[in-house]
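S.K.: First, the structure itself, so that you have it in front of you.
Number of protein chains: 2
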Amino acid sequence: MQGEPGWELYRTFLEVVRDGSLSGAARKLSLTQPTVGRHVDALEASLGLSLFSRSPQGLKPTPAALELVSYAETMAAASAALRRTASGGAKADRGTVRVTASEMIGCEVLPPLLASFRDSHPGITLELALNNRNEDLLRRDADIAVRMVRPRQKSLVARRVGKSAIGFYAHRNYAEKYGLPKQIADFEKHCLIGFDRDDLALRSLGKLPGLVTRDNFGFRCDSDLAQFSALKAGVGIGGCQHNIARRFPELVPVLAKAIRFELEVWVAMHEDMRSTGRVRLLFDHLAAGLSAFVRGVGAGG
Amino acid sequence: MQGEPGWELYRTFLEVVRDGSLSGAARKLSLTQPTVGRHVDALEASLGLSLFSRSPQGLKPTPAALELVSYAETMAAASAALRRTASGGAKADRGTVRVTASEMIGCEVLPPLLASFRDSHPGITLELALNNRNEDLLRRDADIAVRMVRPRQKSLVARRVGKSAIGFYAHRNYAEKYGLPKQIADFEKHCLIGFDRDDLALRSLGKLPGLVTRDNFGFRCDSDLAQFSALKAGVGIGGCQHNIARRFPELVPVLAKAIRFELEVWVAMHEDMRSTGRVRLLFDHLAAGLSAFVRGVGAGG
DNA sequence: TCCATGATATACATTTTTGTATGATGCAGG
DNA sequence: CCTGCATCATACAAAAATGTATATCATGGA
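Chain order of the listed sequences is A and B.
First residue of the first sequence: 0, per numbering that gives the first Met the number 0; consecutive thereafter.
First residue of the second sequence: 0, per numbering that gives the first Met the number 0; consecutive thereafter.
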């Protein structure tokens, strides 16, 4: 319970929590297991509490330790952001930019946009973090976010690039085998593809037909990309953005007239990034490219 | 431009920026000047850019270095928050809680509340950070904030404890010497006490009489507490919360009928803190005590 | 049951980091 | 102009952190 622990100890601590073992953390940190063990000992001594219950199977964090994890993660995110900012020095066309988006956007929409950006700015390294968490920008887990909901935080610069319409689709093999619903009530006889536990994703879609609920999903998965793969494999009927689905001729629209909803598409970055050349460059490029995407032109369409 | 710099280097870097010299930073960090110098060298080598221009008068950060400061500050705030959370272990009535408020609230209103809290919970250490920045909670610079504006961030738990009415006052010596204005137009002949550069503070007061602008202030200071001291010293006419001013019999109200405005009083904490016993204890205590304060009872009234 | 595997803990050698002492330089004041 | 005091830079010794090698224990599969 003495002076402030070295910040190194926090880094080690975080990695041990993530990894669940001293040995594993040591490998990732390019240290050795005894060193990592000593770091944990030192941090426990310094904070005056027990952080892990040790066992031959690994280290299990105590409840007290779990409370501290988010702070260590904040430090890690800030450290990574600092390094990105430092990369490339002052020059606008060098360095690293980190983008976050959903898996679907990241795999189906962004790649051609990022490719053309790299063509124009070969000195800029791109990082792509695919997930559905919305707090990434505040914590500086990423420099730019492409999201389907309006960012609420005040310190973000957000631009709405348009709306992307969504409809239901099925693979043509599925349609041949099982037929297609003529009306929404027919959904009960079909296999719907939808989210598993991520009801936030479901709710963010806004109003859906009554039958489109978790109970009626015959295939559930929280990865929108895996849902799309299942759709393409003929598992069942699932939602998809029109501008993506149209690239796959084997996908046939389902009840296109009856069901139609839209998601807004937003690009956002942290306020402080406005003056960082390379981030601004990519921000504008993505805004333009996504705008073309939602209008149905370009982006591989 | 090699691997990730040790987090220790960031801590040293931040202290060198704040201090402007290797020697000064060394003193604060309980290191020595050569060590601090080596840390800076190592960080520059690792990031691949020049961070300071060295001189016998100290080190001046380069523009590139200044871009990185906020990230290092985020790390420092997270580190401090981690240590506060770790303090006291799991027990609700031990550990450290950090409160932020304006100087005025912190000096005139909170002390008796904090005193009674300490009486009930002697095991809890209190920290008080007085300033007018509103982002403190998000960055975890503090655990609880007492503010006069509604916190906007989604991840905060905020409670409005009431409204505090404000009016103009002057010291009775001033009134004897210069008389008191009979109407707002008379303000021109008097010395008004107000903010210097902090127009945010001024604007947050809402609608003010037309003559209460920076140009008409005969005494300008961004510290509300120093303004209050000037008011008590008879410098001029200034605004003050009624519930504070009434404790000082030598202060006489000015145009109390004609001018009256109110500020909301809010207590806020980070969502994650709700489950941290000691923070919750103080949050509730402050909410109750401030509620009594705005109603004009207790708090030394 | 026995062995292979992967985990943590400990003992000792090595490397790295830090501190001490000193020198060089620039500014402020008499 | 010189002196006092602050700064940063450098050389060498001491201390601390790290790595290597090994022991010990638990688990899972043949």
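Every residue, glycine too, gets a C-beta built ideally from N, C-alpha and C.
What you are looking at is a predicted structure, and each value in this text was computed from that prediction instead of being measured.
So, is the C-beta of Y9/B closer than 8 angstroms to a C-beta in chain A?
M.R.: The residue given as residue 9/B occupies position 10 in the second sequence. Yes, its Cβ sits closer than 8 angstroms to a Cβ of chain A.
S.K.: Look up G166/A in the DSSP assignment and give the residues it is bridged to.
M.R.: As a working mapping, residue 166/A is identified with position 167 in the first sequence. Beta-bridge pairing links G166/A to C239/A.
S.K.: Count the other C-beta atoms from every protein chain shown that fall within 10 angstroms of the C-beta of A184/A, then say buried if there are 16 or more, exposed otherwise.
M.R.: Residue mapping note: residue 184/A aligns to position 185 of the first sequence, counting from 1. Classification of A184/A: exposed, given that the 10 Å Cβ count is below 16.
S.K.: Any C-beta of chain A within less than 7 angstroms: which residues of the segment 117 to 133 of chain B qualify?
M.R.: none
S.K.: Give the straight-line distance between the Cα atoms of K307/A and L21/A, rounded to the nearest whole angstrom.
M.R.: Within the shown structure, residues of chain A are numbered from 0 to 300, placing residue 307/A beyond reach of any answer.
S.K.: Tell me the rounded alpha-carbon separation between L179/B and V253/B.
M.R.: For the purposes of this step, residue 179/B is identified with residue 180 of the second sequence, where counting begins at 1. For the purposes of this step, residue 253/B is identified with residue 254 of the second sequence, where counting begins at 1. Looking at the two C-alpha atoms, the distance is approximately 7 angstroms.
S.K.: Considering only the alpha carbon of each residue, which of A44/A, E66/A, P55/A, Q32/A lies closest to D271/B?
M.R.: In the second sequence, counting from the first residue as 1, residue 271/B sits at position 272. Of A44/A, E66/A, P55/A, Q32/A, the residue nearest in Cα terms is E66/A.
S.K.: So, does the segment 88 to 106 of chain B touch the segment 104 to 120 of chain A, judging by three or more C-beta pairs under 8 angstroms?
M.R.: no
S.K.: Residues of chain A with CB under 8 angstroms from P308/B, in chain order?
M.R.: With chain B covering 0 to 300 only, the question about residue 308/B has no answer from this structure.
S.K.: With G94/B as the anchor, note down where its beta strand (DSSP E) starts and where it stops.
M.R.: The residue given as residue 94/B occupies position 95 in the second sequence. Where G94/B is concerned, the enclosing beta strand (DSSP E) stretches over 94 to 100.
S.K.: Find out if the Cβ-Cβ distance for the pair G166/B, R259/B is shorter than 8 angstroms.
M.R.: Residue mapping note: residue 166/B aligns to position 167 of the second sequence, counting from 1. Residue mapping note: residue 259/B aligns to position 260 of the second sequence, counting from 1. In this structure, R259/B lies closer than 8 angstroms to G166/B by Cβ.
S.K.: Note down the Cα distance separating H269/B from S69/A, rounded to an integer number of angstroms.
M.R.: Walking along the second sequence from the start, residue 269/B turns up at place 270. Walking along the first sequence from the start, residue 69/A turns up at place 70. Going from the Cα of H269/B to the Cα of S69/A covers about 13 angstroms.
S.K.: Can you check DSSP and say which residues form a bridge with K59/B?
M.R.: Counted from its first residue, the second sequence places residue 59/B at position 60. DSSP, once it has assigned bridges, lists S52/B as partnering K59/B.
S.K.: If we ignore side chains and look at the alpha-carbon of each, how far apart do I236/B and Y173/B end up?
M.R.: In the second sequence, counting from the first residue as 1, residue 236/B sits at position 237. In the second sequence, counting from the first residue as 1, residue 173/B sits at position 174. Their backbone Cα atoms lie some 8 angstroms apart in a straight line.
S.K.: Check distances from the C-beta atoms of the segment 47 to 73 of chain A to those of chain B and list, in chain order, the residues that come in under 8 angstroms.
M.R.: G47, L48, P62, A63, E66, L67, S69, Y70, A71, T73
S.K.: With 16 as the cutoff for other CB atoms within 10 Å, does D223/A come out buried or exposed?
M.R.: Numbered from 1 along the first sequence, position 224 holds the residue referred to as residue 223/A. Buried.
S.K.: By the DSSP assignment, the alpha helix (DSSP H) with L109/B in it spans what residues?
M.R.: Here residue 109/B refers to the residue found at position 110 when the second sequence is read from its first residue. Where L109/B is concerned, the enclosing alpha helix (DSSP H) stretches over 109 to 119.
S.K.: Contact defined as beta carbons within less than 8 angstroms: I believe V266/A pairs with V160/A. What is the distance between those atoms, to the nearest angstrom?
M.R.: Looking up residue 266/A in the first sequence gives position 267. Looking up residue 160/A in the first sequence gives position 161. The Cβ separation is near 6 angstroms, so the contact holds.
S.K.: Would you verify that the beta carbon of K90/A is, or is not, closer than 8 angstroms to some beta carbon of chain B?
M.R.: Reading the first sequence from its first residue, position 91 is the one you call residue 90/A. No, because no Cβ of chain B sits closer than 8 angstroms to the Cβ of K90/A.
S.K.: Taking its Cβ as the centre, do 16 or more other Cβ atoms sit within 10 Å of G295/B, making it buried, or is it exposed?
M.R.: Working through the second sequence from its first residue, we reach residue 295/B at position 296. By the 10 Å Cβ count, G295/B comes out exposed.
S.K.: What number of angstroms, rounded off, separates the C-alpha of S119/B from the C-alpha of L127/B?
M.R.: Stepping through the second sequence from its first residue, residue 119/B is reached at position 120. Stepping through the second sequence from its first residue, residue 127/B is reached at position 128. Straight-line Cα distance between these residues: approximately 18 angstroms.
S.K.: For E175/B, is the classification buried or exposed, using 16 other Cβ atoms within 10 angstroms of its Cβ as the cut-off for buried?
M.R.: Taking the first residue of the second sequence as 1, we reach residue 175/B at position 176. By the 10 Å Cβ count, E175/B comes out exposed.
S.K.: Straight-line CA distance for M0/A to V16/A?
M.R.: Residue numbering aside, residue 0/A sits at position 1 when the first sequence is read from its first letter. Residue numbering aside, residue 16/A sits at position 17 when the first sequence is read from its first letter. Low confidence applies here, because M0/A scores a pLDDT of 49, under 50, leaving its location unreliable and the question unanswered by this model.
S.K.: Who does W6/B pair with in a DSSP beta bridge?
M.R.: Residue 6/B sits at position 7 when you count from the first residue of the second sequence. Residue pairing for W6/B: DSSP places it in no beta bridge.
S.K.: For V251/A, name the three-state secondary structure that DSSP assigns.
M.R.: Taking the first sequence and counting its residues from 1, one reaches residue 251/A at position 252. Three-state result, V251/A: strand.
S.K.: Three or more beta-carbon pairs under 8 angstroms between the segment 282 to 289 of chain B and the segment 128 to 145 of chain B, yes or no?
M.R.: yes
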